[in-house]
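J.: Chains as they are written, first to last, in the UniProt record's numbering: chain A, 1 to 118; chain B, 1 to 118.
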DNA sequence: TCCTTAGTTCAAAACTTATTGAACAATTGT
DNA sequence: ACAATTGTTCAATAAGTTTTGAACTAAGGA
């Protein structure tokens, strides 16, 4: 089972900007960027909203082509679509992330570190 | 008489992104960028919407800190706030404009060239 | 003064987005 | 099989945005 994603050329600039222009979604992207390479599941973002609300915002990000979600068991592993975004809109993601870091301190998101069994 | 503008530090990233995430406003910014240095008045944008509607969108851009409007007679001369945007969010405006140019061909806006008296 | 030009303001309508809780589906562990 | 975990969907509501026309203000020119 896979979730619907736009192809790279279906990613639209106004749509990407509109989707990033929401504080919750910008915080999600900012957090994904700070952990780039590490796929995260939805529950890592629970500090940013309720489970239902996050499902909504994560769907918006995915449908706009900002994130990719891979279904693994009951989890969706979420990553930034940096490759496609960089190809389509060079420099945009980097400047948004850099600006977001400056603009807002990283909220106390996460805290669900992967515990190694003792 | 002057119009209200946010100070540079009042310009918020989510707000700027949200404001740019509208096709009409993005087209306005794209056109301002293509004529950078030349202050434009509202009527130059009439191809993009009705007079009332443009007044609304131009107010949004100004209130978000994306543009500056100077009152000269009955006109408002509109320019990009590139200095403040670049200081606050380095690279953002440039990457948005570059992406907008790629994404959408410049619509047949303008056509009201400044005629030199014969 | 009167008319035109440039743009704003207001109120209404139409539309879109965000947020919530309850119910649901699918996987994993016991 | 049962329960727990992970996340989605649905319907409702609340809230915000966009668009419109009519009425308005202010400046400039005849």
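Using N, Cα and C, we set each Cβ at its ideal position, and we do this for glycine too.
Taking 9 Å as the CB-CB cut-off, is residue 88 of chain A touching chain B?
T.: So yes, residue 88 of chain A belongs to the interface.
J.: Do residue 80 of chain A and residue 32 of chain A have their C-beta atoms within less than 9 Å of each other?
T.: Result yes, Cβ atoms of residue 80 of chain A and residue 32 of chain A sit closer than 9 Å.
J.: What are the uninterrupted segments assigned as beta strand (DSSP E) that are 3 or more residues long and contained completely in the UniProt domain "HTH arsR-type" (15 to 94) of chain B, given in chain order?
T.: Whole beta strand (DSSP E) segments, 3+ residues: 67 to 72 and 75 to 80.
J.: Whole angstroms is fine: what's the gap from residue 88 of chain A's alpha carbon to residue 67 of chain A's?
T.: Their backbone Cα atoms lie some 14 Å apart in a straight line.
J.: With DSSP run on the structure shown, which of helix, strand or coil describes residue 13 of chain B?
T.: In the structure shown, residue 13 of chain B sits in a helix (DSSP, three-state: H, G or I).
J.: With a 10 Å radius around its C-beta and 16 neighbouring C-beta atoms as the bar for buried, classify residue 73 of chain A as buried or exposed.
T.: Residue 73 of chain A comes out exposed.
J.: Report all residues from its chain with a CB closer than 6 Å to the CB of residue 54 of chain B; omit the five preceding and five following residues, and keep chain order.
T.: Once the five neighbours on either side are set aside, the close Cβ partners of residue 54 of chain B are 42 and 45.
J.: Quick check: what's the CA-CA separation for residue 60 of chain B versus residue 1 of chain A?
T.: So the alpha carbons of these two residues sit roughly 42 Å apart.
J.: With residue 84 of chain B and residue 11 of chain B assumed to form a contact (beta carbons below 8 Å), what rounded beta-carbon distance in angstroms separates them?
T.: Their Cβ separation, rounded to whole angstroms, is 6 Å, which keeps residue 84 of chain B and residue 11 of chain B in contact under 8 Å.
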